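Q: Mind having a look at this structure? Questions to follow.
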Amino acid sequence: ASAASEVTREESMALLYPNAKSFPSGRVPAGVIAAWVVPYFGFYASKYFKQSWMKTFFIDDYPQASLGFVALFSTIKVLVDAFTDPWMANKTDACQDPSGRRKPFFKIGALVTLLVFTFAWTPPWSLSQPVGNKASVAASVWYGVFHVGFALMETVVTLPVDGLGGDLTYSSVERNRIFYHRGVWVMLGIMVGVLVPAFVPSTCTGTSGDEVEGCPTYKEIVVTHDGCTTFPVLAAVFSVITAVGLWNLGRTVKERDPRTCTEAQHMPVVPSLVQVSMNRPFRILLMADIVEAIAQNTPFVVMPFVTRYVVLPPGSEARCGEDVMIADPDTLFGMFGVVYFLGNFAAMPLWRCVMSRFGKRRAFILRNVAVCVSTLVLIGPLLQEGAVVSCCVFAFFWGMGNGGGDWMLR
Numbered sequence: 003a004s005a006a007s008e009v010t011r012e013e014s015m016a017l018l019y020p021n022a023k024s025f026p027s028g029r030v031p032a033g034v035i036a037a038w039v040v041p042y043f044g045f046y047a048s049k050y051f052k053q054s055w056m057k058t059f060f061i062d063d064y065p066q067a068s069l070g071f072v073a074l075f076s077t078i079k080v081l082v083d084a085f086t087d088p089w090m091a092n093k094t095d096a097c098q099d100p101s102g103r104r105k106p107f108f109k110i111g112a113l114v115t116l117l118v119f120t121f122a123w124t125p126p127w128s129l130s131q132p133v134g135n136k137a138s139v140a141a142s143v144w145y146g147v148f149h150v151g152f153a154l155m156e157t158v159v160t161l162p163v164d165g166l167g168g169d170l171t172y173s174s175v176e177r178n179r180i181f182y183h184r185g186v187w188v189m190l191g192i193m194v195g196v197l198v199p200a201f202v203p204s205t206c207t208g209t210s211g212d213e214v215e216g217c218p219t220y221k222e223i224v225v226t227h228d229g230c231t232t233f234p235v236l237a238a239v240f241s242v243i244t245a246v247g248l249w250n251l252g253r254t255v256k257e258r259d260p261r262t263c264t265e266a267q268h269m270p271v272v273p274s275l276v277q278v279s280m281n282r283p284f285r286i287l288l289m290a291d292i293v294e295a296i297a298q299n300t301p302f303v304v305m306p307f308v309t310r311y312v313v314l315p316p317g318s319e320a321r322c323g324e325d326v327m328i329a330d331p332d333t334l335f336g337m338f339g340v341v342y343f344l345g346n347f348a349a350m351p352l353w354r355c356v357m358s359r360f361g362k363r364r365a366f367i368l369r370n371v372a373v374c375v376s377t378l379v380l381i382g383p384l385l386q387e388g389a390v391v392s393c394c395v396f397a398f399f400w401g402m403g404n405g406g407g408d409w410m411l412r
């Protein structure tokens, strides 16, 4: 009877978790994990490429978009996200497609990624001509439409892929390993999206500025490093990686039969938000995510502006001085990213050891404390003109604090 019960349990696990080949360890093959993490790499490269470079491109380069419109659409994007994410989660959980609950959305996500992210970086020149001293309204609207479109793309792509990750294995130990690999590839994607544009030369039309004491003017630096043609090419490359990854994920990874899943209760978005907010652990994690989002994302959003207008401002004598190693604000931004990700990757195994030694809860609390402290310390150098070395040094420690992530809670 015991042997029969064990066989029945093994068969049921194989039915519910078809990718977990080894019973009872629940081990997932390396090929399945690789197929699952590739879309994350492409998507996060796209996301942080956009987050770090698109605002300066639209405001400083030929689109000449309005900073006020950019701020307005940034707010609209957050509001759209707040309502579409719960709706999408409910939709994919309740999907009864014979191919699975997640796979139908991979096809939609691949197409939306190619369209939205490529067109977002190609505003027509005819729409980007400012009137007098006023910014281009048409280019501002172009930015806003595709900025909100990117939020919808993120919803369609990440939620089904996240949901599939939870169904890969029944083993909590194996799930820790899977999501650790996800964290590594997410960080690799972020690193590529932030750093590659800083070091890849671009071909832009424009007039070179005059030289002042042997140092190129700020105008020339902007023309040299902003992406009139390079940025759309990089956007296309990142979107193709994401789309191909989604296609391969749908082809490679098996899904459980949706008929074996408990039918999801359809609840409107607002009541479902109210219901989950009554859960105390959820509220605690929600506040932790808010703090993490501010600490992790804000520096990458404002850093291109800070390096251009604060640390290495236009006309600053420090930029042409012999004691300054980096005279280009975009190169400084790239170096900032390099040392940040070096700290990030150096700390990930450390956080994994801390999690194994002290448990997920204590490790996650300690990690959040490290993020808060390292972010506060980073603010000082960012407000000082010419503080090139200190910015990079403290960026390393900021990266170590962010070496942990939501993979610690999976």
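Residue numbering for the sequence shown follows the working numbering, starting at 3 and increasing by one per position.
A virtual CB, placed ideally from N, CA and C, is assigned to each residue, including glycine.
Please read these numbers as outputs of a predicted model, since none were measured by experiment.
For W187, does the count of other Cβ atoms within 10 angstroms reach 16, so buried, or fall short, so exposed?
A: Within the sequence shown, the letter at position 185 stands for residue 187. The residue is buried, with at least 16 neighbouring Cβ atoms inside 10 Å.
Q: Between the alpha carbons of F307 and P88, how many angstroms are there, rounded?
A: To locate residue 307, count along the sequence shown from 1; it is residue 305. To locate residue 88, count along the sequence shown from 1; it is residue 86. Going by the C-alpha atoms only, they are around 33 Å apart.
Q: Determine the direct distance from the alpha carbon of V312 to that of G168, and round the result to whole angstroms.
A: What you label residue 168 is simply residue 166 of the sequence shown in a count that begins at 1. What you label residue 312 is simply residue 310 of the sequence shown in a count that begins at 1. Between G168 and V312, the C-alpha separation is close to 44 Å.
Q: With a threshold of 16 other CB atoms inside 10 Å of the CB of F399, please say whether the residue is buried or exposed.
A: Taking the sequence shown and counting its residues from 1, the one referred to as residue 399 is at position 397. Buried.
Q: Measure the C-alpha to C-alpha separation of K221 and D63 and round it to an integer number of angstroms.
A: Counting from one through the sequence shown, the residue named residue 221 turns up at place 219. Counting from one through the sequence shown, the residue named residue 63 turns up at place 61. Note on K221: pLDDT 38, under 50, position unreliable in the model; the coordinate value appears next. Whole-angstrom Cα-Cα distance: 10 Å.
Q: With respect to the alpha helix (DSSP H) encompassing M280, which residues constitute its N-terminal and C-terminal limits?
A: In the sequence shown, residue 280 corresponds to position 278, counting from 1. Looking at the DSSP string, M280 is not in any alpha helix (DSSP H), and its letter there is neither H nor E.
Q: Is L288 buried or exposed, if buried means 16 or more other CB atoms sit within 10 Å of its CB?
A: As a position in the sequence shown, residue 288 is number 286, starting the count at 1. L288 comes out exposed.
Q: Going by CA-CA distance only, name the one from L248, G361, A238, P273 that's closest to T124.
A: For the purposes of this step, residue 124 is identified with residue 122 of the sequence shown, where counting begins at 1. Of L248, G361, A238, P273, the residue nearest in Cα terms is A238.
Q: When the distance is taken between beta carbons, is N346 closer than 8 Å to M90?
A: The residue labelled residue 90 in the question sits at position 88 within the sequence shown. The residue labelled residue 346 in the question sits at position 344 within the sequence shown. Result no, Cβ atoms of M90 and N346 do not sit closer than 8 Å.
Q: Out of curiosity, what's the CA-to-CA distance linking A67 and V147?
A: Position 65 of the sequence shown, counted from the first residue, corresponds to residue 67. Position 145 of the sequence shown, counted from the first residue, corresponds to residue 147. So the alpha carbons of these two residues sit roughly 13 Å apart.
Q: Report yes or no: do three or more beta-carbon pairs, one from the stretch 390 to 397 and one from the stretch 329 to 344, lie closer than 8 Å?
A: In short, these stretches touch, since the Cβ pair count reaches three.
Q: Checking 8 Å against the spacing of the C-beta atoms, do T160 and F45 come in under that value?
A: Taking the first residue of the sequence shown as position 1, residue 160 is located at position 158. Taking the first residue of the sequence shown as position 1, residue 45 is located at position 43. In this structure, F45 lies closer than 8 Å to T160 by Cβ.
Q: Just to confirm the assignment, what range does the alpha helix (DSSP H) spanning G401 have?
A: Sequence index remark: in the sequence shown, residue 401 carries index 399 (1-based). Element bounds for G401: 390 to 403.
Q: Just the Cα atoms here: how many angstroms apart are G401 and L344?
A: For the purposes of this step, residue 401 is identified with residue 399 of the sequence shown, where counting begins at 1. For the purposes of this step, residue 344 is identified with residue 342 of the sequence shown, where counting begins at 1. Computed Cα separation, rounded: 7 Å.
Q: Would you kindly report the start and end of the unbroken alpha helix (DSSP H) that includes P106?
A: For this step, residue 106 is matched to residue 104 along the sequence shown. Segment 105 to 122, the alpha helix (DSSP H) holding P106.
Q: V72 and S138: beta carbons closer than 8 Å?
A: Here residue 72 corresponds to residue number 70 of the sequence shown, with the count starting at 1. Here residue 138 corresponds to residue number 136 of the sequence shown, with the count starting at 1. Cβ atoms of V72 and S138: not closer than 8 Å.
Q: Counting along the chain, where does the alpha helix (DSSP H) carrying W187 start and finish?
A: Your numbering for residue 187 matches position 185 in the sequence shown. It spans 174 to 201 - the alpha helix (DSSP H) in which W187 sits, taken as one unbroken run.
Q: Is it buried or exposed for R253, if we count other Cβ within 10 angstroms and need 16 for buried?
A: As a working mapping, residue 253 is identified with position 251 in the sequence shown. Looking at its Cβ environment, which holds fewer than 16 other Cβ atoms inside 10 Å, R253 is exposed.
Q: With a CB to CB cut of under 8 Å and the five nearest residues on each side skipped, what residues in its chain are close to E156?
A: Walking along the sequence shown from the start, residue 156 turns up at place 154. Answer for E156: F45, K49, D83, listed in chain order.
Q: Using 10 angstroms around the beta-carbon of F51, count the other beta-carbons present and answer buried if the total reaches 16, otherwise exposed.
A: For the purposes of this step, residue 51 is taken as the residue at position 49 of the sequence shown. Buried, by the Cβ-count rule.
Q: For the alpha helix (DSSP H) that V80 lies in, which residues bound it at each end?
A: Within the sequence shown, numbered from 1, the residue matching residue 80 stands at position 78. Element bounds for V80: 69 to 95.
Q: Look at the alpha carbon of N370 and the alpha carbon of I192, and state the distance between them as a whole number of angstroms.
A: Translated into positions along the sequence shown, residue 370 becomes position 368. Translated into positions along the sequence shown, residue 192 becomes position 190. One C-alpha to the other measures close to 20 Å.
Q: Identify the continuous alpha helix (DSSP H) that holds Q53 and give its terminal residues.
A: Translated into the one-based positions of the sequence shown, residue 53 becomes position 51. Here the alpha helix (DSSP H) through Q53 covers 32 to 62.
Q: Would you mind reading off the limits of the alpha helix (DSSP H) that contains W249?
A: In the sequence shown, the residue the question calls residue 249 occupies position 247. Taken as a continuous stretch (DSSP letters only), the alpha helix (DSSP H) holding W249 covers 232 to 254.
Q: For N281, does the count of other Cβ atoms within 10 angstroms reach 16, so buried, or fall short, so exposed?
A: Here residue 281 refers to the residue found at position 279 of the sequence shown. Exposed, since its Cβ has fewer than 16 Cβ neighbours within 10 Å.
Q: Helix, strand or coil for R29? Go by DSSP, reduced to three states.
A: Working through the sequence shown from its first residue, we reach residue 29 at position 27. In the structure shown, R29 sits in a strand (DSSP, three-state: E or B).
Q: At what residues does the alpha helix (DSSP H) containing G151 begin and finish?
A: Taking the first residue of the sequence shown as 1, we reach residue 151 at position 149. Counting along the chain, the alpha helix (DSSP H) containing G151 begins and ends at 139 to 168.
Q: Measure the CB-CB distance between F240 and G195 and report whether it falls below 8 Å.
A: Within the sequence shown, numbered from 1, the residue matching residue 240 stands at position 238. Within the sequence shown, numbered from 1, the residue matching residue 195 stands at position 193. Contact: yes.
Q: Excluding sequence positions up to five away, which residues of its chain have a Cβ less than 8 Å from the Cβ of P20?
A: Counting from 1 along the sequence shown, the entry for residue 20 is found at position 18. K256, E257, R258.
Q: Buried or exposed, going by whether 16 or more other CB atoms sit within 10 Å of the CB of T244?
A: In the sequence shown, counting from the first residue as 1, residue 244 sits at position 242. Under this definition T244 is a buried residue.
Q: Alpha carbon to alpha carbon, how far is I61 from V246? Give it in angstroms, no decimals.
A: For the purposes of this step, residue 246 is identified with residue 244 of the sequence shown, where counting begins at 1. For the purposes of this step, residue 61 is identified with residue 59 of the sequence shown, where counting begins at 1. Spanning the two alpha carbons is a distance of roughly 31 Å.
Q: Going by DSSP in three states, G336 sits in which element: helix, strand or coil?
A: Locating residue 336 in the sequence shown gives position 334, where the first residue counts as 1. It is helical.
Q: So, P162 versus F119, is the Cβ gap smaller than 8 Å?
A: Locating residue 162 in the sequence shown gives position 160, counting from the first residue. Locating residue 119 in the sequence shown gives position 117, counting from the first residue. Not in contact: P162 and F119 (Cβ atoms no closer than 8 Å).
Q: Determine whether the beta carbon atoms of T58 and A200 lie at a separation below 8 Å.
A: Taking the sequence shown and counting its residues from 1, one reaches residue 58 at position 56. Taking the sequence shown and counting its residues from 1, one reaches residue 200 at position 198. No. Outside cutoff.
Q: L284 and V276: beta carbons closer than 8 Å?
A: Taking the first residue of the sequence shown as 1, we reach residue 284 at position 282. Taking the first residue of the sequence shown as 1, we reach residue 276 at position 274. Residue 284 is actually Phe in this sequence, not Leu. No, they are not a contact pair.
Q: From A349 to C355, what distance separates their C-alpha atoms?
A: The sequence position of residue 349 within the sequence shown is 347, counting from 1. The sequence position of residue 355 within the sequence shown is 353, counting from 1. Approximately 10 Å between the Cα atoms of the pair.
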